[in-house]
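Trainee: Below is the structure I would like to discuss, written out as structure tokens.
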Amino acid sequence: SSHMVDQCWLSEREKPQGEQDWAKVLSFIDELNTMLCVQESESLRVAVSRSKAVVYADYLKRRDQANAILDALSEINNPDAYFLVNYSKGCFALDESDFSATVEFLTIAENTIGESFGYYRLATTRQLVIALEWQNEWELAKKYCLKVIRDFREYDFKSEKLEFCELLGELA
Numbered sequence: 016s017s018h019m020v021d022q023c024w025l026s027e028r029e030k031p032q033g034e035q036d037w038a039k040v041l042s043f044i045d046e047l048n049t050m051l052c053v054q055e056s057e058s059l060r061v062a063v064s065r066s067k068a069v070v071y072a073d074y075l076k077r078r079d080q081a082n083a084i085l086d087a088l089s090e091i092n093n094p095d096a097y098f099l100v101n102y103s104k105g106c107f108a109l110d111e112s113d114f115s116a117t118v119e120f121l122t123i124a125e126n127t128i129g130e131s132f133g134y135y136r137l138a139t140t141r142q143l144v145i146a147l148e149w150q151n152e153w154e155l156a157k158k159y160c161l162k163v164i165r166d167f168r169e170y171d172f173k174s175e176k177l178e179f180c181e182l183l184g185e186l187a
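The opening residue of the sequence shown carries number 16 in the numbering used here; numbering runs sequentially from there.
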């Protein structure tokens, strides 16, 4: 559901910058959020809220608003949805070089068990390594770097060979 809802902002970012209309995207997301099927589905509520938060954080550069949207989600029971919220907050923090918050949110995401979002889970560990390095947490960064290298091999993300090579460089 998250990948489907993300298409509303993914398609907008493909437009030339002068033609992007983020207010229209946010309006559409708000309309989605009023639908009964969204209100009755935790996964859809999280997907819609996350999409709105991404627009605020990545395109309008309003991370506080993005985090407030995700914080407004109450009682998330699905571990995959809980993972996605914390992964997103960690990405928002990393984009602003707030490495302390990045480590906080990505550590929560890293420790959240679930079955979905295989690539995002891999990205979580990889980004956690980067944030830990910025905080001079070398031993912990090394531990997670080795983990993500093992995970790359296990998941066999063939299209991500460059990222795998970068991780080997980080470990060196």
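Every residue, glycine too, gets a C-beta built ideally from N, C-alpha and C. On a predicted model such as this, the values are computed, not experimentally measured, just so you know.
1) Tell me, please, whether the segment 57-65 touches the segment 27-43 by the rule of three or more beta-carbon pairs shorter than 8 Å.
2) Evaluate Asn92 with the Cβ neighbour count: other Cβ atoms within 10 Å of its Cβ, from every protein chain shown; 16 or more gives buried, anything less gives exposed.
3) Tell me the DSSP secondary structure of Asp113 in three-state form.
4) Contact check, Val163 vs Val144 under 8 Å by CB: the rounded distance?
5) Who are the near neighbours of Phe98 in its chain, counting only those whose CB is closer than 6 Å to its CB and skipping five residues on each side?
6) Whole angstroms are fine: how far does the CA of Ala38 sit from the CA of Val70?
7) Give me, in chain order, the residues of the same chain whose beta-carbon lies closer than 7 Å to that of Cys52; leave out the 5 immediate sequence neighbours on both sides.
8) With DSSP as the reference, label Ala96 as helix, strand or coil.
9) Where do the N-terminal and C-terminal ends of the alpha helix (DSSP H) with Ile84 fall, by residue?
10) Flag this pair as touching only if the segment 77-86 and the segment 36-50 have three or more C-beta atom pairs under 8 Å; answer yes or no.
11) Note down the Cα distance separating Leu155 from Leu147, rounded to an integer number of angstroms.
12) Leaving aside the five residues before and after Ile84 along the sequence, list all residues of the same chain whose C-beta is less than 6 Å from its C-beta, in chain order.
13) Taking only the alpha-carbon atoms, compute the straight-line gap between Thr122 and Asp166 and give it to the nearest angstrom.
14) Pull up the CB-CB distance for Phe107 and Ala81, whole angstroms please, since I reckon it's below 8 Å.
15) List the endpoints of the continuous alpha helix (DSSP H) containing Asn48.
Mentor: In terms of the structure at hand:
1) Not touching, per the Cβ criterion.
2) Burial call: exposed.
3) Secondary structure at Asp113: coil, using DSSP grouped into helix, strand and coil.
4) Going by Cβ atoms, the distance from Val163 to Val144 rounds to 6 Å, so yes, they are a contact pair.
5) Within the same chain, Phe98 has close Cβ partners Ala124, Thr127, Gly129.
6) Each residue's alpha carbon lies about 9 Å from the other.
7) Here the set comprises Leu59.
8) Of the three classes helix, strand and coil, the one that applies to Ala96 here is helix, per DSSP.
9) 78-86 is the span of the alpha helix (DSSP H), which, as asked, contains Ile84.
10) The segment 77-86 is not in contact with the segment 36-50.
11) Their Cα atoms are separated by approximately 7 Å.
12) Scanning its chain for C-beta atoms nearer than 6 Å, with the 5 sequence neighbours on each side dropped, one finds around Ile84 the residues Ser64, Lys67, Ala68, in chain order.
13) Going by the C-alpha atoms only, they are around 16 Å apart.
14) 6 Å between Cβ atoms; contact.
15) Segment 37-49, the alpha helix (DSSP H) holding Asn48.
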